[in-house]
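Chemist: Have a look at the structure that comes next, please.
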Amino acid sequence: MSGTAARPTRTTTTGVGEAARRIGDRDRWLLRMLHEHTVLTTPQLVRLGFAHKTRATQQRLTALQRLGVLDRFQPLRRTHGTSPMHHLLGPLGARLLAAELGVEVAALGWRRDRSQAVAHRLSLSHDVATIDLICELVSAPGVHIDAWWSPARCRRVVGRHVLPDAYLALTATGPTGGRARPVAGPVWEMFLEYDTGTTALRALAAKLHGYHKRAVATRTAIPVGIWIARPGREPGARRALAAVHRTLTDPDAVPVFTATPLIATAPDAWPVAAGPGRTGGPGTDAAWHGASGRVWLPLRQRAGHAGHRFGLVELAGHRHADRPTLAETTGPADSDGGYGEPDTVGGRVELPTPSPYPPHAPARPVAPPPHDGRHATRDTATENTATDDAVMNGVKCIAHGDGPASSR
C-alpha cells in the first residue's frame, strides 16, 4: 500500500524464512506494536526510539515496506504542508508474526483489507493524535510506561462499560528519568480520553456513568484522564463533568483529571525533571513535555489546593490503591526487550501488551521535530524521493545487521 500523495514504490517478493533472517529485534518489536496499535507514523517511531535519527528511521521503514513487511499510506492534508507516512502491518509482517507464534495469520485477527481501511477511517486524525500524546509520555523523563493498551484491547477487556482511547500504567523512575522500572515501585493507572472538540460536552461528561458502572462492578477505582486538545474548551468541559460527577452514587470511585496543551507554556507547567540533554529548567522547550508536566487538574480539589495541577511524575509516585493494576490482572505485558506468552481467547491469539520501548533503545528517544508544515514537507519529501540506492542500502542493512538503518 503506497502513500496517497507519494510516488509508487515497488515491493519485492520475499519468503517468510528469508525475511526472518533479515529482520532484527527492533523490527519484531515494530510488528507487535503495529499489531497492537494498528497505525504509527514516522515521527512517532522516531520519538519512541526506533532508530537514533529521523533519516535512519525513514530508510529502515522504507526498506521494510519494499520487502512487504509493512504497508504505508500518506493522508491528504487540507492545510499547508504534507502529512507524515503512516505505517501498517503488511502481509509479510503478519506472516512473520504468526510464524513466530506458531499460528495461522487468521488467528491474529489480521486481514489486509481491514488494515488498509484505516486510511479512510473518520477517526484517523483523532487516533493518531492520541498516539502522539502517548509517545510524548513515553519519551518524557521521570516516567516509565509499564502498560499501554490500544482502544481495541480496551474494548476487549473493559468494553462492557467503557471505551477509552487508551489505558496506561506508569511508574515514577526518579528525578533524572531513565527507562528502568524500580523493582517495587508505585504505579499510577489511568484511562485516557482524548477530546478533539468535536464531541458535545454533554456526551463527553456522560462517559463518566460508564466509568462509574465499571468501578462499582469491579470494585476498583481507576482515574480517568481527559486530554482536551482545545485549551478554551477546558472550563466548559469541567463544568459539564462536575455536573455529572456530582450525580454518581460513589464519586470517589471515579477520580477525574483534565489537562490541556497550552497550559504547558506556563512556568508552573514545567516538567518535574529536565528533559534529555538538559540539566536545568526547560526554558522555551516547556511544551515539549507538556502532557507529562504539571498540567493535570483534579476535577474534585481539596480545600486550599484550588488550581493546583499535577505532573504525571508526581501522580506516578503515588499508587492510587494498594492492589494489582488492571494490566497485572489481565495477562502479562512485554518487558523491555522480551516477550510474554500469548493467550488464546475465542480462537484468536491475544498477544501480551508490547512495551513501548524498543529493545536496546537509547535511554531516551530523541526529541521530536517541530510539528509545522515546513518540517512535514521535508520529512515526507525525504521518504518519497529516496533513491533506489538508498532503499537497497536499507535492505542490505536488514540482511547484515549493520549500518545506520540496522536495528541490531
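Numbered by the working numbering, the letters in the sequence shown go through residues 36 to 443 in order. Even for Gly, the Cβ is constructed at its ideal location relative to N, Cα and C. Nothing here was measured: the structure is a model prediction, and the numbers come from that model.
1) So, is the C-beta of F345 closer than 8 Å to a C-beta in chain D?
2) Since I believe D230 is in contact with I261 (beta carbons under 8 Å), could you give me their beta-carbon distance rounded to a whole number of angstroms?
3) Give the list of continuous beta strand (DSSP E) stretches no shorter than 3 residues that lie fully inside the stretch 46–115.
4) Whole-angstrom Cβ separation of L127 and L102, contact assumed at under 8 Å?
5) Would you decide whether R67 is buried or exposed? Buried here means 16 or more other CB atoms lie within 10 Å of its CB.
6) Are L276 and L243 closer than 8 Å when you measure CB to CB?
7) So what does DSSP say about R191, is it helix, strand or coil?
8) Need the endpoints of the beta strand (DSSP E) that H343 sits in, please.
9) Given I263, which residues of its chain have a CB within under 8 Å of its CB, disregarding the five upstream and five downstream residues?
10) Mark L205 as exposed unless 16 or more other C-beta atoms lie within 10 angstroms of its C-beta, in which case mark it buried.
11) Could you check the C-alpha separation between V163 and P78 for me, to the nearest Å?
12) Is it the case that the stretch 55–63 contacts the stretch 159–177, given that we only count it when at least three CB pairs across the two stretches are under 8 Å?
13) If we count the other Cβ atoms within 10 Å of its Cβ and call it buried at 16 or more, is T388 buried or exposed?
14) Taking Cβ positions, are R358 and T253 nearer each other than 8 Å?
15) So, at 6 Å on beta carbons, what are the nonlocal neighbours of H121 in its own chain, with the 5 sequence-adjacent residues on each side left out?
16) Can you have a look at G52 and say buried or exposed, based on whether 16 or more other CB atoms are within 10 angstroms of its CB?
17) Quick check on this structure: which residue in M225, C170, D181 and I180 has the alpha carbon closest to the alpha carbon of V197?
18) Give the single residue among T234, L80 and A278 whose Cα lies nearest to the Cα of I166.
19) Exposed or buried, which one is A207 when buried takes at least 16 other CB atoms within 10 Å?
20) Based on DSSP bridge pairs, tell me the residues matched to H161.
21) In chain order, what residues of the same chain have a beta carbon less than 7 Å from the beta carbon of P393, not counting five sequence neighbours either side?
22) Looking at the secondary structure, which residues open and close the alpha helix (DSSP H) in which Y246 lies?
23) Are the CB atoms of L105 and G125 within a distance shorter than 8 Å?
24) Decide if G50 is buried, meaning its Cβ has at least 16 other Cβ atoms within 10 Å, or exposed.
25) Taking the alpha carbon of H383 as the point to measure from, which residue in G346, R191 and A241 has its own alpha carbon closest?
26) Using C-beta distances below 7 Å, list every residue in its chain close to I180, excluding the 5 sequence neighbours before and after it, in chain order.
27) Return the chain-ordered list of same chain residues with a C-beta closer than 8 Å to the C-beta of E139, the five sequence neighbours on each side being excluded.
28) Taking a contact to mean a Cβ-Cβ separation below 8 Å, would you say V222 touches A250 in this structure?
29) Classify H115 as buried or exposed, calling it buried when 16 or more other Cβ atoms lie within 10 Å of its own Cβ.
30) Pick helix, strand or coil for G137, following the three-state DSSP scheme.
31) Quick test of your reading: S150 and E71, contact by CB under 8 Å. State the CB separation rounded to the nearest angstrom.
32) Cutting at 8 Å between CB atoms, please list the residues of its own chain near R188, excluding the five before and the five after it.
33) Since I believe I257 is in contact with A159 (beta carbons under 8 Å), could you give me their beta-carbon distance rounded to a whole number of angstroms?
34) Looking at the structure shown, is A207 part of a helix, part of a strand, or coil, going by DSSP?
35) Quick one, are the C-beta atoms of G328 and G352 less than 8 Å apart?
Modeler: Well, looking at it:
1) Of the chains in the structure shown, none is chain D; there is only one protein chain.
2) Counting from one through the sequence shown, the residue named residue 261 turns up at place 226. Counting from one through the sequence shown, the residue named residue 230 turns up at place 195. Contact holds; Cβ gap of about 6 Å.
3) 105–108
4) Counting from 1 along the sequence shown, the entry for residue 127 is found at position 92. Counting from 1 along the sequence shown, the entry for residue 102 is found at position 67. Confirmed, about 6 Å.
5) By one-based count along the sequence shown, residue 67 stands at place 32. The residue in question, R67, is buried, as its Cβ has 16 or more Cβ neighbours within 10 Å.
6) Within the sequence shown, the letter at position 241 stands for residue 276. Within the sequence shown, the letter at position 208 stands for residue 243. Yes.
7) By 1-based counting over the sequence shown, the position of residue 191 is 156. Three-state DSSP puts R191 in a helix.
8) As a working note, residue 343 is residue 308 in the sequence shown. Taken as a continuous stretch (DSSP letters only), H343 belongs to no beta strand (DSSP E), as it is neither H nor E.
9) Here residue 263 is taken as the residue at index 228 of the sequence shown, counted from 1. Closer than 8 Å at the Cβ level, and outside the excluded window around I263, lie D230, G232, E269, A272, T293, A294 and T295.
10) Locating residue 205 in the sequence shown gives position 170, counting from the first residue. Buried.
11) Here residue 163 refers to the residue found at position 128 of the sequence shown. Here residue 78 refers to the residue found at position 43 of the sequence shown. Cα to Cα, the separation comes out at about 11 Å.
12) no
13) As a position in the sequence shown, residue 388 is number 353, starting the count at 1. It counts as buried.
14) Position 323 of the sequence shown, counting from 1, holds the residue named residue 358. Position 218 of the sequence shown, counting from 1, holds the residue named residue 253. Their beta carbons are not under 8 Å apart, which means R358 does not touch T253 by this criterion.
15) Within the sequence shown, the letter at position 86 stands for residue 121. Taken in chain order, the residues that qualify are V74, T76 and F108.
16) For the purposes of this step, residue 52 is taken as residue 17 along the sequence shown, with counting starting at 1. Flag for G52 reads exposed.
17) Locating residue 197 in the sequence shown gives position 162, where the first residue counts as 1. From the listed residues M225, C170, D181 and I180, the smallest Cα separation to V197 is found for M225.
18) On the sequence shown, residue 166 is found 131 positions in, with the first residue counted as 1. When only C-alpha atoms are compared, the closest one is L80.
19) Counting from one through the sequence shown, the residue named residue 207 turns up at place 172. When all chains shown are included, A207 counts as buried.
20) Counting from one through the sequence shown, the residue named residue 161 turns up at place 126. Answer by DSSP bridge pairing: none, since H161 is not bridged.
21) In the sequence shown, counting from the first residue as 1, residue 393 sits at position 358. Cβ within range, chain order: R61, W64, L83, G84 and F85.
22) Position 211 of the sequence shown, counting from 1, holds the residue named residue 246. Y246 -> alpha helix (DSSP H) spans L236 to T253.
23) Working through the sequence shown from its first residue, we reach residue 125 at position 90. Working through the sequence shown from its first residue, we reach residue 105 at position 70. Contact flag set, yes.
24) On the sequence shown, position 15 is the one that residue 50 refers to. By the C-beta density criterion, G50 is exposed, having fewer than 16 other C-beta atoms within 10 angstroms.
25) In the sequence shown, the residue the question calls residue 383 occupies position 348. The sequence as given places Arg at residue 383; His does not occur at that position. Minimum Cα distance to R383 is reached at R191.
26) Numbered from its first residue, the sequence shown carries residue 180 at position 145. Non-local beta-carbon contacts of I180 in its own chain, meaning distances under 7 Å to residues more than five positions away in sequence, involve L172, V173, L203, L205 and P391 in chain order.
27) Within the sequence shown, the letter at position 104 stands for residue 139. If we look at E139 and ignore the five residues flanking it on each side, its Cβ neighbours are A133.
28) For the purposes of this step, residue 222 is taken as the residue at position 187 of the sequence shown. For the purposes of this step, residue 250 is taken as the residue at position 215 of the sequence shown. A250 sits away from V222, with the two beta carbons spaced by 8 Å or more.
29) Within the sequence shown, numbered from 1, the residue matching residue 115 stands at position 80. Result: exposed.
30) Counting from one through the sequence shown, the residue named residue 137 turns up at place 102. The answer is coil: DSSP assigns G137 none of H, G, I, E or B.
31) Position 115 of the sequence shown holds residue 150. Position 36 of the sequence shown holds residue 71. About 13 Å separates the Cβ atoms of S150 and E71, ruling out a contact at the 8 Å cut-off.
32) Position 153 of the sequence shown holds residue 188. Counting only Cβ-Cβ distances below 8 Å, and skipping sequence neighbours, we find E71, Y202 and T388.
33) As a first step, residue 159 must be located in the sequence shown, where it is residue number 124. As a first step, residue 257 must be located in the sequence shown, where it is residue number 222. The residue asked about is misnamed: residue 159 is Leu in this sequence, not Ala. With a contact defined as Cβ atoms closer than 8 Å, L159 and I257 miss out at about 27 Å.
34) For the purposes of this step, residue 207 is identified with residue 172 of the sequence shown, where counting begins at 1. A207 falls in the strand class under three-state DSSP.
35) The residue you call residue 328 lines up with position 293 of the sequence shown. The residue you call residue 352 lines up with position 317 of the sequence shown. No, these two residues do not count as a Cβ contact at 8 Å.
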